[in-house]
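Just so you know, this note's numbering puts 145 at position 145 of the sequence shown, and the rest follows in order with no gaps.
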Amino acid sequence: MDYRPNIMAVTWYVNEVLPHLRDTYPDLLFAIVGMAPSDAVLKLGEQPNVLVTGGVPDIRPYVQHALAACLPLTIARGIQNKALEAMAMEKTILATPDAMAGIRDCPDAPVHIARNRDEMITQSRVILESQNLRAPKARAFVIDHYGWDANLKQYETDILGWAS
Numbered sequence: 001m002d003y004r005p006n007i008m009a010v011t012w013y014v015n016e017v018l019p020h021l022r023d024t025y026p027d028l029l030f031a032i033v034g035m036a037p038s039d040a041v042l043k044l045g046e047q048p049n050v051l052v053t054g055g056v057p058d059i060r061p062y063v064q065h066a067l068a069a070c071l072p073l074t075i076a077r078g079i080q081n082k083a084l085e086a087m088a089m090e091k092t093i094l095a096t097p098d099a100m101a102g103i104r105d106c107p108d109a110p111v112h113i114a115r116n117r118d119e120m121i122t123q124s125r126v127i128l129e130s131q132n133l134r135a136p137k138a139r140a141f142v143i144d145h146y147g148w149d150a151n152l153k154q155y156e157t158d159i160l161g162w163a164s
């Protein structure tokens, strides 16, 4: 959690979105899980409803108990594996367009895109109201589009096409 885009993302969510959710959802916990949290990220942990863990041996228990994976990145390049990992664990995704830019459209999977603060607040509320801890369509999407079978078939096609 010492990578600048991640610091900017969690700082923005904690300061701009979370205050609008605290009154309605007093038990809400925004967990910031990641190695080497910067001083700025550690300071976020002093705010109500925020937990900063630092590095953990296994992130899966945190994802398993979460309602959603929140990716409020405004600077993102390539595929965000953390989104695919959370989806593979049947989690809803709350993200900015930049965070999902490298991932195919997934109309059947529970992906909530928020382009600004107001949309992020609204989509956070939608997820919190649903209280749905499982999103099987998210896992199916990852398996169908990013699993070994789907990618090896394309790889074989590309290699065999190149070799002939």
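The beta-carbon is built from N, C-alpha and C at its ideal position, and this holds for glycine as well.
- With contacts defined by Cβ atoms closer than 7 Å, Val33 and Ile7 do not form a contacting pair.
- In this structure, Tyr62 lies near Ala31, with their beta-carbon atoms less than 7 Å apart.
- Secondary structure at Gly147: coil, using DSSP grouped into helix, strand and coil.
- Under the DSSP assignment, Leu84 falls in the alpha helix (DSSP H) whose first and last residues are Asn81 to Ala88.
- Straight-line spacing of the CA atoms in His112 and Thr92 works out to 8 Å.
- A direct Cα-Cα distance of roughly 13 Å separates Val17 from Leu71.
- Taken in chain order, the unbroken stretches of beta strand (DSSP E) that lie wholly in the stretch 54-142 and span 3 residues or more are 68-71, 92-95 and 111-113.
- One alpha carbon belongs to Gly147, the other to Leu128, and they sit about 29 Å apart.
- Put simply, of Gln154, Thr157, Asp149 and Asp118 the residue whose alpha carbon is nearest the alpha carbon of His20 is Asp118.
- Selection Asp149, Lys43, Gly161 and Thr53 evaluated against Val14 yields Lys43 as nearest (Cα-Cα).
- The beta carbon of His145 sits closer than 6 Å to the beta carbons of Arg104 from its chain, once the five residues preceding and following it are set aside; these are given in chain order.
- Exclusion of the five residues before and after Lys82 leaves Ala69 and Leu71 as the residues of its chain whose Cβ lies within less than 8 Å of its Cβ.
- In this structure, Asn49 keeps its C-beta atom at 7 Å or more from the C-beta atom of Leu67.
- Met35 and Val10 have their C-alpha atoms some 14 Å from each other.
- For Ala40, the uninterrupted alpha helix (DSSP H) segment begins and ends at Asp39 to Leu44.
- Between Pro5 and Ile75 the beta-carbon gap is near 4 Å, inside 8 Å, which marks them as a contact.
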